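Participant: Sharing a structure, written as structure tokens. Questions coming.
Protein chains: 2
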Amino acid sequence: MLENITSKQIKEMTLPQLTSLCEEVRQMIISTVYKNGGHLSSNLGAVELIVAMHYVFDFPEDKVIFDVGHQCYTHKLLSGRYDKFNTIRKKGGISGFPKREESEYDCYNTGHAGTSISAALGIAKARDINKQNFNVIAVIGDGSFNNGLVYEAFNSLRLLNTNILVILNDNGMSIAPTVGSIHEYLEVLSASYEHKVKKEKHANIFERFGFAYDGVYDGNDLAVMIKRLAAVKEKLKTQSVILHILSKKGKGYSFCEENPEATHGISIGSSDSVSKEYSEVLGEKLCQLAEKDSRIVAVTAAMTTSLGLGGFFEKYPERSIDVGICEEHATILCAAMATENLKPYYAVYSTFLQRSFDEIAIDICSQNLPVTLCIDRAGISGPDGETHQGVFDLSFLNPIPNLAIAVPKDLKEFEDMLEFSAGYEAPLAIRYPREGKRIFKQHSPIVRGKWEELTVGGGNAVIIACGEQPVTLALAAAEILDKERVAVRVINARFVKPLDTELLKELKEKNIITVEDNMLIGGFGSQINCFFAGDGKIIKNFAYKDCFIPHGGRCELMEDYGVSCKAITDYIKNAVR
Amino acid sequence: MLENITSKQIKEMTLPQLTSLCEEVRQMIISTVYKNGGHLSSNLGAVELIVAMHYVFDFPEDKVIFDVGHQCYTHKLLSGRYDKFNTIRKKGGISGFPKREESEYDCYNTGHAGTSISAALGIAKARDINKQNFNVIAVIGDGSFNNGLVYEAFNSLRLLNTNILVILNDNGMSIAPTVGSIHEYLEVLSASYEHKVKKEKHANIFERFGFAYDGVYDGNDLAVMIKRLAAVKEKLKTQSVILHILSKKGKGYSFCEENPEATHGISIGSSDSVSKEYSEVLGEKLCQLAEKDSRIVAVTAAMTTSLGLGGFFEKYPERSIDVGICEEHATILCAAMATENLKPYYAVYSTFLQRSFDEIAIDICSQNLPVTLCIDRAGISGPDGETHQGVFDLSFLNPIPNLAIAVPKDLKEFEDMLEFSAGYEAPLAIRYPREGKRIFKQHSPIVRGKWEELTVGGGNAVIIACGEQPVTLALAAAEILDKERVAVRVINARFVKPLDTELLKELKEKNIITVEDNMLIGGFGSQINCFFAGDGKIIKNFAYKDCFIPHGGRCELMEDYGVSCKAITDYIKNAVR
């Protein structure tokens, strides 16, 4: 019955019909995610909740904002996107996250944690100013609930004098299990539910901020969900409500229920053979370094395993810190620990590092502290789309003084850079993609601000590339051109900052081509342009053009947005001619 | 007795001696701030607290982190900086904020709100790992207490399993009066103090996070402060403590006590005659626009008056939002309101906008929403130093797709840009300095991505400048060179993004010089370099070099860090020759 289902039809269904609808949704999600990749457990856990929401509320007039947005699959299936669901996360298909451009049922795009309550407040406030009348709902997991934005939004609830519904979907997991005092507090609330203790007794924190607290309920019990939501909808007419539900991550699929962290997201292997993930190298190497250097500590924001730090956390629990989804706090902790002679490594996805721009600049770099940022999922990260591409990091890190930025060409070089970092006593960022697909033959020692010549000999065209994929493209182009008797030098720009100015000076007379996995604006190539601005040199940059990059395959997107072997080869053929 | 005072001497003083020490400190602060400018009321309110801290704790072995750091003057006077105190905020003198480079008594540099508890936790955790033994104290005002970082830090207190002291210095003010539910909660605590209600009853929130709560006490009563701090020092051996004190902002100086917002910071007029502050134009013009367009709302993060929005807030209370020091939340609120057909203006200092990088990119720009960022105190802001210079904004905004960036050459042009913004339905940033010092004669209509020719006619050298001071320098250089028969064109680059590519194409054969009030890396000039990278053009950029810019006068710093009339003139003389 899922095919062509409408909001009206859902409202007319009986409970047994709704229950089998849930089953159908669940099967659809499982089969699609195993084909396309995507978020699995979180979506399975939210099926009943979202079906109940569609039964009780009137979308799209009522508005729902999913925090982070990865748990919106059921909502997509119920809002006219069933027939496109098999295209999810594929280039040209629907997104794995809410997208206003895709449907009027998606009112606000999300991707990073903690924004939903702020967004709900903004929409509700606008509704009031516009003298309209609809409900605004934020659905937020307990993982996101750790983020400081939640507190900022709560703090202004009374101030804004508007009504919203916050559904706290508590499954005990961020990606890793949720940590911290807020979550402990939620557990106190849940325990009181289990033991039938009067619920209101514990609701103080939320009530302090102006919410009526309603909970704790079983979020996978459809009948209960419908009843609670209907009651809450009434209450919402006079005040803001927080509805606290417990749900089971991975619900209805025993493999997921038993492995909620591993099945949070399912990744589909790409056509290239993956040799290893960079995160594995980080984990192994950091353990080695920590053996020799007791000052080393590792910090993450709710991403221990996906960043490769599971082993480190096990081996060095006293030197391991996971602060939950609190990227800003994590950054300051690192800076502060560095003032006391520790050597912190903060591992984080490129896209989430965006949250810490201010703290990287002020706390780490203006104090010139030896913190190493290990930036994973840099460059185009692929199927998660606009909100998850790691294509801005070189641009926002470049202008920050005192920071050195290293970009390894392969897994081995990453290992060497980590070895280098152990002896480096100033701010250092190392950025790398998820997958390492090849190990190049050449590996010269890492020296700060020094690049590596990958092809020996002449050639008027010089490709300077940074990062594994760009270096790979550069070498492939050089090989093609070699066959056409165009000699091309390839240089591995291991450091985006500082630049290898000595080597650059030697290249004054050459045709320079830059290749990178970052936005053109503010990226690596633009630094080369600036270096040569006084010389009147012709330079060609291959980098991403000035637009947000949607979801799709990594390689196809790289090509579409400006970085490909063919484009490089064609340019050089014309330029050198 | 303040001169040459040592930590040891303070500890040996009697209460009457300490009381007169407070008086002496207070007089010194008042006389110095009226000479040098700086933070007044906040420092006067914290005198007894800091004297008591020096009496009870052992600095520099014990560590204190001042949140934001603007209230550290007493600490500086008591830690060997009396003789340099008259140089505070002057070029080459001591900083108005804590600086590790300045004294071992400053353990962590601050400048932006909410970082102190995270930093204290990091230092305490490092102490534990290093098996050391000292006390770590964060002193935080109720204004900063609104910031989400506080929640993130609180959330990880138990997790980190370490002990810190948080002194919540509650004076009811941010810069503007503190807003929000957290502050209302603090008022409940204070009221219970006034009425001698048992204090513990209300301490739940802090205890939930693992703090022992101790309060509320009169922070300006020296004897009470000493007694409480001594007790807290004992308690700190076994657990973290939050000490809640009430203090009077501006204490001991009736003018300040009565005008705490106006005397939060004292600004000393510069030698140029200031015609008007840009913030005044913002306030006036936004009121005008709001009259015609009921969709306009104004949002600030605890800076209503200093951003010029006092009048707007009075006239349109229902369309005015001050969320407290919550820059990220404010940014999302704007994005969300824009999805519901409102037209939000978010006014903020350039340096504090750094906190919202992620939300500007994802919430505003990836959704392409018509939010206008009014970025005040852009460029070198002067005496507040490293942590407050607004020199990064062009660099971190430039790579964000969909965002237009406008920079007015004077107050009149700013007004025109605001007029333009009213009809502009996409993300727009307008960045401007604090002071407008002159109105230029020419004012052509504002068109997106179009620049303005300020000198008519020939000349091989073309200066492209953006912003009031850069345009002023460019015109001054042109005038000087004109006398030496070197004709120079000056172009006002009103839009840093998009660039006026049509005009740039016409300049292909010219000597191009760029001038801006931003870092060279990623700034305006670097975009020009990229535009011409394929053409092999010689370009000279005047912008700030790659280092943090300390405190000093705006003009002297501009010159020192790379942007001056003389440098421009000298370059052109040589280049055109």
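These protein sequence lines map, in sequence, to chains A and B. Following this note's numbering, the residues of the first sequence are numbered contiguously, the last one being 577. Following this note's numbering, the residues of the second sequence are numbered contiguously, the last one being 1154. From the three backbone atoms N, C-alpha and C, an ideal C-beta is built for every residue, glycine too. Since the model is a prediction, treat every value here as computed from it, not as a measurement.
Against chain B, with Cβ distances strictly below 8 angstroms, would ASN109 of chain A count as a contact?
Facilitator: yes
Participant: Helix, strand or coil, according to DSSP, for THR514 of chain A in the structure here?
Facilitator: strand
Participant: Would you tell me roughly how many angstroms separate the C-alpha atoms of GLU359 of chain A and ALA696 of chain B, rounded to the nearest one?
Facilitator: 11 angstroms
Participant: Could you pull out every residue in the same chain whose Cβ sits closer than 8 angstroms to the Cβ of PHE634 of chain B, ignoring the five residues on either side in sequence?
Facilitator: VAL641, ASN712, ILE714, LEU806 and LYS810
Participant: Can you find a C-beta in chain E that's less than 8 angstroms from the C-beta of ASP1077 of chain B?
Facilitator: Absent from the structure is chain E; the protein chains it does hold are A and B.
Participant: What does the Cβ neighbour count give for GLY92 of chain A, buried or exposed, with the cut at 16 atoms within 10 Å?
Facilitator: exposed
Participant: Return the bridge partner residues of HIS616 of chain B from the DSSP annotation.
Facilitator: B:GLY842
Participant: Give the DSSP-derived three-state secondary structure of ASN724 of chain B in the structure shown.
Facilitator: coil
Participant: Suppose you measure from the CA of SER619 of chain B to the CA of PRO637 of chain B; what does that come to, to the nearest Å?
Facilitator: 23 angstroms
Participant: Could you pull the start and end residues of the beta strand (DSSP E) that LYS497 of chain A belongs to?
Facilitator: 495 to 497
Participant: Tell me which residues share the same chain as THR739 of chain B and place their Cβ nearer than 6 angstroms to its Cβ, disregarding the 5 neighbours each side in the sequence.
Facilitator: ALA701, LYS702 and ASP705
Participant: Would you tell me roughly how many angstroms separate the C-alpha atoms of ASN581 of chain B and GLU600 of chain B, rounded to the nearest one?
Facilitator: 16 angstroms
Participant: Buried or exposed: where does ARG295 of chain A fall if 16 or more other Cβ atoms within 10 Å of its Cβ makes it buried?
Facilitator: Its Cβ being crowded by 16 or more others within 10 Å, ARG295 of chain A is buried.
Participant: For ASN686 of chain B versus SER366 of chain A, is the C-beta distance shorter than 8 angstroms?
Facilitator: yes
Participant: Assuming GLU452 of chain A and ILE491 of chain A make a contact with CB atoms under 8 angstroms, what is their CB distance in whole Å?
Facilitator: The beta carbons of GLU452 of chain A and ILE491 of chain A sit about 7 angstroms from each other, so the pair counts as a contact at 8 angstroms.
Participant: May I ask you to report which of helix, strand or coil DSSP gives GLU200 of chain A?
Facilitator: A caution first: GLU200 of chain A carries a pLDDT of 47, below 50, which makes its placement in the model too unreliable to give a value.
Participant: Pull up the distance between the alpha-carbon of ALA730 of chain B and that of LEU698 of chain B, whole angstroms please.
Facilitator: 8 angstroms
Participant: What does the Cβ neighbour count give for PHE786 of chain B, buried or exposed, with the cut at 16 atoms within 10 Å?
Facilitator: buried
Participant: Report buried or exposed for TYR34 of chain A, applying the criterion of at least 16 other Cβ atoms within 10 angstroms of its Cβ.
Facilitator: exposed
Participant: Quick check on this structure: which residue in A:LYS251, A:ARG494 and A:ASP517 has the alpha carbon closest to the alpha carbon of ARG377 of chain A?
Facilitator: A:ASP517
Participant: With PRO470 of chain A as the anchor, note down where its alpha helix (DSSP H) starts and where it stops.
Facilitator: 468 to 483
Participant: Reducing DSSP to helix, strand and coil, say where GLY1102 of chain B ends up.
Facilitator: helix
Participant: Please say whether HIS821 of chain B and ILE752 of chain B have beta carbons closer to each other than 8 angstroms?
Facilitator: Taking 8 angstroms as the cut-off, the beta carbon of ILE752 of chain B is found no closer than this to the beta carbon of HIS821 of chain B.
Participant: Does the Cβ of PRO317 of chain A have 16 or more other Cβ atoms within 10 Å, making it buried, or fewer, making it exposed?
Facilitator: exposed
Participant: Could you tell me the alpha carbon to alpha carbon distance between ASN918 of chain B and THR949 of chain B, rounded to whole angstroms?
Facilitator: 14 angstroms
Participant: At the level of alpha carbons, what is the spacing between TYR923 of chain B and LEU617 of chain B?
Facilitator: 27 angstroms
Participant: What residue from B:GLY718, B:ILE759, B:LYS667 and B:ARG735 has the CA that sits closest to MET750 of chain B's CA?
Facilitator: Checked all of B:GLY718, B:ILE759, B:LYS667 and B:ARG735; the closest Cα to MET750 of chain B is B:GLY718.
Participant: With C-beta atoms as the reference, is CYS649 of chain B less than 8 angstroms away from THR339 of chain A?
Facilitator: Cβ atoms of CYS649 of chain B and THR339 of chain A: not closer than 8 angstroms.
Participant: Of the choices A:ILE364, A:TYR82 and A:ARG431, whose alpha-carbon is the least far from that of GLY379 of chain A?
Facilitator: A:ARG431
Participant: I'd like the list of long-range same chain contacts for ARG438 of chain A, defined as Cβ closer than 8 angstroms, with 5 residues on each side in sequence excluded.
Facilitator: SER275, ASP410, GLU468 and THR472
Participant: Between the alpha carbons of TYR213 of chain A and MET303 of chain A, how many angstroms are there, rounded?
Facilitator: 30 angstroms
Participant: Go through its chain and collect everything with a Cβ distance to LEU503 of chain A's Cβ below 6 angstroms, but skip five positions before and after it.
Facilitator: TRP451
Participant: Among residues of its own chain, excluding the 5 on either side of LYS825 of chain B, which ones have a beta-carbon nearer than 7 angstroms to its beta-carbon?
Facilitator: GLY622, ASN748, ASN797 and GLU834
Participant: If you measure between the beta carbons of LEU655 of chain B and ALA800 of chain B, is that distance less than 8 angstroms?
Facilitator: no
Participant: Given a cut-off of 8 angstroms on the beta-carbon distance, is the pair ILE375 of chain A and THR331 of chain A in contact?
Facilitator: Result no, Cβ atoms of ILE375 of chain A and THR331 of chain A do not sit closer than 8 angstroms.
Participant: Within the 8 angstroms Cβ cut-off, does MET1096 of chain B reach chain A?
Facilitator: yes
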